[in-house]
Amino acid sequence: MKNIKSPLIALGMVLASPFVWSGMAIAENADQVQQLLETNACMNCDLSGVDLSGAHLIGADLRNANLSGTNLNEANLEGADLTGANLENADLRGAMVTNATLNRANLTSANFAFAKLYDVDVTGATVDDMNIQNAEIYNTGIGIGGGDD
Numbered sequence: 149m150k151n152i153k154s155p156l157i158a159l160g161m162v163l164a165s166p167f168v169w170s171g172m173a174i175a176e177n178a179d180q181v182q183q184l185l186e187t188n189a190c191m192n193c194d195l196s197g198v199d200l201s202g203a204h205l206i207g208a209d210l211r212n213a214n215l216s217g218t219n220l221n222e223a224n225l226e227g228a229d230l231t232g233a234n235l236e237n238a239d240l241r242g243a244m245v246t247n248a249t250l251n252r253a254n255l256t257s258a259n260f261a262f263a264k265l266y267d268v269d270v271t272g273a274t275v276d277d278m279n280i281q282n283a284e285i286y287n288t289g290i291g292i293g294g295g296d297d
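Residue numbers (this note's numbering): 149 to 297.
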């Protein structure tokens with residue numbers, strides 16, 4: 149019996165280890181969300197896939213944060229610094245993004261439908277396949293169509 153028990157315990161530990169690691173990642177992610185909401189700053193944080201819909205992130209410091217796949221639907225990002233942030237596949241539908249900095253940000257496939265983008269600095273940002281349907285875009289370096297060749 150002892151010979152059978154040891155391999156079964158080892159197998160159980162191997163099978164359970166992904167759940168332990170994913171739980172640790174979720175806990176770390178939750179700590180970073182709490183940090184952001186309490187201090188309005190989370191530089192270099194991994195907030196990927198987090199639900200921040202409706203969050204008031206006015207003036208937030210999110211430089212180099214990973215926000216890929218994050219739900220920022222209806223969030224207020226007025227004056228936020230998202231320099232170098234990864235917003236690939238992020239949902240920013242209806243978000244208020246005014247006087248924000250998105251220099252060198254990855255905005256690939258980000259959804260800005262119905263968002264308000266006023267006076268946003270997007271210098272060096274990657275804007276491939278963004279959804280800007282019905283977005284209000286003023287004084288921001290995001291345009292529709294090609295340039296004058």
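A virtual CB, placed ideally from N, CA and C, is assigned to each residue, including glycine. Computed from a predicted structure; not experimentally measured.
Best match in A261, L225, N214 and V270 for proximity to E284 [C-alpha to C-alpha] | A261
Is G202 buried or exposed, if buried means 16 or more other CB atoms sit within 10 Å of its CB?
-> exposed
Could you tell me which of G289, G217, A233 and T274 sits nearest to A208, measuring between CA atoms?
-> When each option's Cα is compared against that of A208, the closest is A233.
Using three-state DSSP, classify T187 as helix, strand or coil.
-> helix
Reduced DSSP secondary structure (H/G/I, E/B, other) of S170 | Note on S170: pLDDT 36, under 50, position unreliable in the model; no value is reported.
Where the beta strand (DSSP E) through L215 begins and ends | Per DSSP, L215 belongs to no beta strand (DSSP E) and is neither H nor E.
Classify G242 as buried or exposed, calling it buried when 16 or more other Cβ atoms lie within 10 Å of its own Cβ.
-> buried
Just mark A263 as buried or exposed, buried being the case when its beta carbon has 16 or more other beta carbons within 10 Å.
-> Buried, by the Cβ-count rule.
With which residues is L265 paired in a DSSP beta bridge?
-> V245 and I285
Under the three-state DSSP convention, the category D179 falls into = D179 sits in a helix when the DSSP states are folded into three classes.
Span separating the alpha-carbon of T218 from that of Q182 = 15 Å
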